[in-house]
Every structure is written in structure tokens, then in C-alpha cells.
Amino acid sequence: MTQWRALTASDLPALAALTRSVLAADGGMPQSADEGFLRGRYLGGEALGAFESGELVASVAVRPVGPAPGPGQPGIGLTGIVAQVAPAYRGRGLGRHLLEWGLARAPRPRVETESWTPAVDRLLTGYGLERTFGELVMTCPLTTGGATLAPAATPLPDGIILEEWRPGNEADFFTAYDASFRDRPGFPGWSSGEWIDWISGDEDDFRADWALLARDAEGAPAGFCVASPDHAIGQAGVVPAWRRRGLGRALLTESANRMRAEGATSVLLMVATNNPGATALYESLGYVETGQRARYERG
């Protein structure tokens, strides 16, 4: 018989095990099984778990994800909803129950899934939710048959030099980011300070020596990439004037080679589902899709 109870910090190991089972079945973002990630999703509001014979088989949580409007502004803030069901317990109505529990506590819901599947889409759209964001999760192997692959050689375009992230050039990384992504749908319009803090504010989640800035012959930022210690490319972009010249390929290759030199067996990155040009570049470098993540809101 299914037992339901509130989830607490003591349930984080069980949440991690449940998430790993979901990732194994559906693919998705591997970091979503980290206890630190789960703490942020499940312990920032209200959380509920379903147990069978003491095993956590389904979970749901709600938490504030956006600031409430200021004085004189109508409306209310967004409430994030996360939910998952162990593969062996699907088809029993648990997912529908979890979603209804979350929606009842979220006047303005944003459902977040790090392991998207067509079945998830059918469930959410059936409740009047629309997909507002989607990313492919892609990985590139750096080993084959237990042997490390030889580092790829990708020449830089003429006139380009690379430098690592260091004190004093953070604003130039932002300039490259801003020019690279400003023409993309959903561009957040962050300030330099906001973006720099988001990228490098947590020293345990950032590798300055794997973060690379490309400059042209005049010293202007031409492209960039940033990376984290778990062998993931966080962002990469090329300013419009330098696109289709091999700069993106060179940046990604050099960062991956630095990871490989320290024992990485694969590299992970994520790319918007509505960015086929970038996806084609990543596939040409050996990246393959290993899952999707998405966000849904009410229209």
C-alpha cells in the first residue's frame, strides 16, 4: 500500500536514488541527481513523497521561483513544481496525482523537468500547460574501449588568440556572451555583474582554467566558453561577426582537451531545442543527445 508523507533533508539520499532511476530510464541532466541540486528543488518549500515498503517511488515539491511583483504591481510570483515517478511504478496514476497536488499549491505554476519525455509532455499539456523552454542534453565521449582518445586538433581562425578567465577580464567574457546570445529568443538581458556572479560566484562550480575567451587581432572579444568541474560546458558562444569561421569548434575543442588532460572521460553540454545550428556543430564534434529538459507554464 502506498504511503505518503512530507519529505525532509533526511530523504535526500532516497531522492537521489529515485532521480538516478529516472535518469537511467529517460535520460536528462545528470546533475539533477546531486543532493545539492535536490536540496534546492525539494527543501525550499513543500515536498511530498510516495513510499512502497519503505522505498521512495515518487516525489513532488513546490517552491517560489520568481520574486513576487513589487508594490503597485498586479499578480503573484511563479511557483516551481518538480515531480518524478520511478519507472517501475508508472502507469498507476501517480504522476497525475503528483501534478494535481502541485498545481493546487501553485496559482502561477512553472513545471520543471530535467528528464523530459513525450509522455511528460502529454501529461502536462493535458492540464493546459505550455512548453516555454527546452534543452537537449548532449555528451561527447573522450575515451573509447577504455582508451583515451587522442586530443582533437582544431586550428584557431587567423588573428584569434585565447586566454583563460582571470581577474580583470570578466567583463570581456560578458561582452562576448552578450553579443553571442542577444539575438536568441528568451535572452534574459542580465547586467554584467549578474552574469559574472551567476557564472563564477560559486568557486566549487566553476573552472577558470577551462573558461576561454577568444580575442581578435584588435583585442575585441570574439567568442567564449565557460565550464564547471564536473566536465560540463556551461555556455559557449561566438559573436555574429566571427560565426562560421571555426571559432566555436576551436573553443569547445580546447576546453574539452583541457578536461581530458585531467582525466575526463566525457564532456556534457546543453543546447536550446530551437537552436539547430548549434546542435549541428555539437553533433559534428561527436556530441550525442542523451536526454532533454524542459519548463512548462500556463499560457
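Residues -24 to -1, 1 to 275, numbered by mature numbering (1 follows the signal peptide of the UniProt record, and there is no 0), are exactly what the sequence shown covers, in order. Glycine is no exception: its CB is placed at the ideal position from the N, C-alpha and C atoms.
Exercise. So, is residue 57 buried or exposed, given that buried needs 16 or more other C-beta atoms within 10 angstroms?
Worked result: buried
Exercise. Who are the Cβ neighbours of residue 81 in its own chain at under 6 Å, not counting the five residues just before and after it?
Worked result: 38
Exercise. If you draw a straight line from the C-alpha of residue 182 to the C-alpha of residue 118, how long is it?
Worked result: 20 Å
Exercise. Around the C-beta of residue 89, are 16 or more other C-beta atoms found within 10 angstroms, so that it is buried, or is it exposed?
Worked result: buried
For this session: Determine which residues share a DSSP beta bridge with residue 7 and list them.
Result: Answer is none; residue 7 lacks a bridge partner.
Problem set entry | Same chain, Cβ closer than 7 Å to residue 258, five either side skipped, listed in chain order | 114, 245, 247
Exercise. Who are the Cβ neighbours of residue -16 in its own chain at under 8 Å, not counting the five residues just before and after it?
Worked result: 15, 19
Problem set entry | N-terminal and C-terminal residue of the beta strand (DSSP E) that residue 252 is part of | Unbroken run through residue 252 is the alpha helix (DSSP H), 252 to 260; no beta strand (DSSP E).
Exercise. Which two residues bound the contiguous alpha helix (DSSP H) that contains residue 156?
Worked result: 146 to 157
Exercise. Three-state secondary structure (DSSP) at residue 235?
Worked result: helix
Exercise. Just checking my contact of residue 204 with residue 116 at CB under 8 Å: how many whole Å lie between their CB atoms?
Worked result: Contact doesn't hold; Cβ gap of about 15 Å is too wide.
Exercise. Between which two residues does the beta strand (DSSP E) harbouring residue 277 extend?
Worked result: Any question about residue 277 goes unanswered here, given that the chain covers just -24 to 275.
Exercise. Which word fits residue 194, buried or exposed, when buried means at least 16 other C-beta atoms lie within 10 angstroms of its C-beta?
Worked result: exposed
For this session: Output the distance between the C-alpha atoms of residue 100 and residue 163, rounded to the nearest integer angstrom.
Result: 25 Å
For this session: Compare the beta carbon distance of residue 187 and residue 141 with 8 Å and say whether it is the shorter of the two.
Result: yes
For this session: Please state whether DSSP places residue 18 in a helix, a strand or coil.
Result: helix
Exercise. Can the beta-carbon of residue 112 be found less than 8 Å from the beta-carbon of residue 152?
Worked result: no
Problem set entry | Residue burial classification, residue -24 (beta-carbon count within 10 angstroms, cutoff 16) | exposed
For this session: Give the single residue among 148, 159, 253, 222 whose Cα lies nearest to the Cα of residue 202.
Result: 148
Problem set entry | Three-state secondary structure assigned by DSSP to residue 86 | strand
Exercise. So residue 35 is in the beta strand (DSSP E); what residue range does that whole segment cover?
Worked result: 31 to 40
For this session: Have a look at residue 53 and residue 65 and give me their C-alpha separation to the nearest angstrom.
Result: 33 Å
Problem set entry | Runs of alpha helix (DSSP H) lying entirely within the stretch 62 to 122, each at least 4 residues, in chain order | 70 to 79, 94 to 101
Exercise. Taking the alpha carbon of residue -19 as the point to measure from, which residue in 96, 42, 55, 74 has its own alpha carbon closest?
Worked result: 74
Exercise. In three-state DSSP terms, what is residue 166?
Worked result: coil
For this session: Could you pull out every residue in the same chain whose Cβ sits closer than 7 Å to the Cβ of residue 223, ignoring the five residues on either side in sequence?
Result: 133, 136, 190, 198, 199, 214
For this session: Sort out for me which residues DSSP pairs residue 125 with in a bridge.
Result: According to DSSP, residue 125 bridges with nothing at all.
Exercise. Can you tell me whether DSSP reads residue 210 as helix, strand or coil?
Worked result: strand
Exercise. For residue 280, does the three-state DSSP call read helix, strand or coil?
Worked result: Because the chain spans -24 through 275 in this model, residue 280 falls outside it and cannot be assessed.
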